[in-house]
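Protein chains in written order, with the numbering used here: chain E, 1 to 125; chain F, 126 to 372. Shown next, in structure tokens, is the structure this report addresses.
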């Protein structure tokens with residue numbers, strides 16, 4: 001596995017992310033006061049309902065690699081943003097912005113994704 | 126759409142609507158049905174890649190501004206404290222009418238179907254029928270709807286809606302006695318406006334009036350439905366966590 005730069009940015013508490021409603025569960029599981037920026041390699045893109053997921057393998061400079069489970073909207077929402085099942089593939093390098101799980105597990109809510117050449121995959125509603 | 130239809134007069138539901146809300150249906154004339162083709166979504170509610178709408182999103186049917194009576198306030202307090210580890214199976218009614226889920230209005234002479242990508246479906250019968258008698262109907266998540274056209278405005282009368290908070294943890298905890306009247310009209314090429322009035326003798330002190338706007342869901346070339354084939358959210362204490370993927 002290619003080593004990837006691991007960058008952690010803890011945003012100050014006044015930058016609380018206002019998480020609204022999704023049709024499956026409350027956002028209380030995510031710590032809206034924090035955002036992380038991670039760079040890693042996609043192991044799997046799950047184009048599914050009620051959520052899609054990117055499994056991102058991240059290698060910190062000073063520790064073993066970790067696989068992050070990055071939750072996204074349902075595939076039926078992503079479709080409206082121009083995403084398709086082929087938008088992200090295993091082996092792709094992504095830099096992502098994540099609102100982490102409160103329990104400290106390697107997972108979170110994906111709020112932004114960029115390809116290795118800096119292209120944003122945010123969507124075009 | 127160039128279908129002609131005739132409005133049927135005298136249905137008891139329309140009489141009730143007139144008495145409750147001061148609406149006087151047009152009667153006895155033929156008219157063309159309007160064209161609401163395409164996919165529509167609540168204004169400002171398009172979900173981002175996270176699945177949540179952006180910072181400016183304003184949900185109007187959560188009940189935070191509703192004119193609750195004592196029972197309604199008690200229900201709001203009780204549901205607000207217990208929603209962080211509950212799941213929803215879709216939006217349900219009335220929340221599907223102000224949600225992040227794109228929807229379609231399929232207008233035919235005899236009924237209008239309202240369908241969203243979460244498989245919430247409403248049958249709005251416009252063929253002149255009334256609701257079933259009270260003893261012949263029961264509360265459901267989407268209720269029983271009948272409607273009629275007043276010019277280019279679709280007027281919908283909905284009853285027998287199960288407490289919406291049972292289906293979606295952020296829905297208003299209205300009672301099964303609530304009556305919902307919607308007046309929906311396309312006001313521009315890319316805009317539909319609706320006024321929903323909710324009367325509930327159990328939870329509301331007075332009618333709750335909500336103004337809603339739908340705009341084009343421009344990213345969709347079709348509505349696609351999918352089931353919950355990959356639910357990785359599991360309860361952990363008072364909330365959830367993400368469990369590892371199945372291999």
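Where a beta carbon is used, it is the ideal one built from N, C-alpha and C, also for glycine.
query	result
Residue burial classification, residue 191 of chain F (beta-carbon count within 10 angstroms, cutoff 16)	buried
Spatial distance of residue 94 of chain E from residue 211 of chain F (CA atoms)	32 Å
For residue 305 of chain F, three-class secondary structure by DSSP	strand
Beta-carbon spacing of residue 45 of chain E, residue 87 of chain E below 9 Å	yes
Spatial neighbours of residue 2 of chain E in its chain, beta-carbon cut-off 7 Å, leaving aside the 5 residues before and after	Here residue 2 of chain E scores only 37 on pLDDT, less than 50, and its place in the model is too uncertain to base an answer on.
Distance between residue 30 of chain E and residue 179 of chain F (C-alpha atoms, nearest Å)	16 Å
Chain E contact residues for residue 209 of chain F, given Cβ-Cβ distances below 7 Å	26 and 28
DSSP beta-bridge partners of residue 321 of chain F	F:307 and F:335
Cβ neighbour criterion (16 or more within 10 Å) applied to residue 12 of chain E	Residue confidence is low: residue 12 of chain E scores 30 on pLDDT, short of 50, so the model does not pin down where it sits. Its coordinate-derived value is still stated next. The residue in question, residue 12 of chain E, is exposed, as its Cβ has fewer than 16 Cβ neighbours within 10 Å.
9 Å Cβ cutoff, residue 126 of chain F in contact with chain E	Confidence at residue 126 of chain F is low in this model, with a pLDDT of 37, below 50, so the placement of that residue should be treated as unreliable; the coordinate-derived value is given next. Taking Cβ atoms only, chain E never reaches closer than 9 Å to residue 126 of chain F, which makes this a no.
Beta-carbon proximity list for residue 308 of chain F, same chain, < 6 Å, skipping 5 on both sides	278, 280 and 320
Length of the line joining the Cα atoms of residue 342 of chain F and residue 85 of chain E	20 Å
Any C-beta of chain F under 9 Å from that of residue 65 of chain E	no
Nonlocal neighbours in the same chain, by C-beta distance under 8 Å from residue 43 of chain E, ignoring five residues either side	55, 56, 57, 67 and 90
Pair within 9 Å by beta-carbon distance, residue 110 of chain E and residue 81 of chain E	no
Proximity of residue 349 of chain F and residue 79 of chain E at Cβ, strictly below 9 Å	yes
Rounded straight-line distance, which links the Cα of residue 244 of chain F to that of residue 184 of chain F	20 Å
With 16 other Cβ atoms within 10 Å as the buried cut-off, status of residue 263 of chain F	exposed
Any C-beta of chain F under 9 Å from that of residue 85 of chain E	no
Min CB distance residue 123 of chain E to chain F below 9 Å	yes
Nearest-angstrom beta carbon gap, residue 283 of chain F and residue 101 of chain E [assumed within contact, 8 Å]	Between residue 283 of chain F and residue 101 of chain E the Cβ distance is about 39 Å, and since that is not below 8 Å, they are no contact.
Local conformation of residue 80 of chain E per DSSP, three classes	helix
CB contact below 9 Å: residue 73 of chain E versus chain F	yes
Status (buried if at least 16 other CB within 10 Å, exposed otherwise) for residue 227 of chain F	buried
Near-chain E residues of the stretch 163-182 of chain F - C-beta to any C-beta below 9 Å	164, 166, 170, 171, 172, 173, 174, 175, 176, 177, 178, 179, 180 and 182
For residue 359 of chain F, three-class secondary structure by DSSP	strand
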